[in-house]
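Protein chains in written order, with the working numbering: chain D, 1 to 115; chain X, 1001 to 1113.
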């Protein structure tokens, strides 16, 4: 079975400061990991993914994430936060084993960037 | 660039009524996925289709059914609607090698009253 944990319901960061949104996962095989952002009453927008290769993945809007196999983590980061980054962020995983198609999402983390 | 199109954007139904949601995937995407996101909840996988055949099944209630047509669009049919079915329903599409990522539509907000 595949699962994702986002331990923080909310993260508050001052504009211009670095931000981190945490995500840990559990899979039987190799993980395929994704980050999505959701603005109020909007769909899920793709930010970045890790499939294989370099552990540091760069994505949209200046976001990046680091895959850490030993810690089973895939934390989302950005060097300098913008007020417009305020949104709901979801980490998602799909297991390479078991043939499952669907992504399993974490509960989401509200990111609030304060001016 | 073309995106995943969902219709309608909003839908209000009464209890015990039926609803049909439609999803038009990105051109050349042959796999479609349906997700349900309740208020304040994370998206839950319902069902997926590849080449018009059901590919995987998640937490889809027996009252719901779905299919994919020859033009790859998909429809989610919901019967005997309950208040708890009120949610945002997302469709996503991908090539079969879905490791390239899933593209989500803007969703259909279903309200059951």
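Virtual Cβ for every residue (Gly too), placed ideally from N, Cα, C.
{"Item": "Counting only runs that start and end within the region 1039–1070 of chain X, where is the beta strand (DSSP E) found for 3 or more residues in a row?", "Value": "1044–1050, 1053–1057 and 1064–1068"}
{"Item": "Would residue 67 of chain D and residue 4 of chain D be called neighbours here (beta carbons separated by less than 8 Å)?", "Value": "no"}
{"Item": "Can you say whether residue 1066 of chain X is buried or exposed, counting buried as having 16 or more other CB atoms within 10 angstroms of its CB?", "Value": "buried"}
{"Item": "Under the rule that 16 or more other beta-carbon atoms within 10 Å means buried, what is residue 1053 of chain X, buried or exposed?", "Value": "exposed"}
{"Item": "In chain X, what lies closer than 8 Å to residue 100 of chain D by C-beta?", "Value": "1056"}
{"Item": "Would a C-beta distance cut-off of 8 Å place residue 22 of chain D and residue 6 of chain D closer than the cut-off?", "Value": "yes"}
{"Item": "Among the candidates X:1075, X:1006 and X:1019, whose CA atom is the shortest distance from the CA of residue 1086 of chain X?", "Value": "X:1019"}
{"Item": "At a Cβ cut of 7 Å, what residues of the region 43–66 of chain D count as close to chain X, listed as they run along the chain?", "Value": "43, 44, 46, 49 and 51"}
{"Item": "For residue 117 of chain D, I'd like the list of residues in its chain whose CB is within less than 8 Å of its CB, leaving aside the five on either flank, ordered along the chain.", "Value": "Outside the displayed span of chain D (1 to 115) sits residue 117 of chain D, for which this structure offers no information."}
{"Item": "Taking residue 82 of chain D as the reference, give the member of D:101, D:97 and D:61 with the closest Cα.", "Value": "D:61"}
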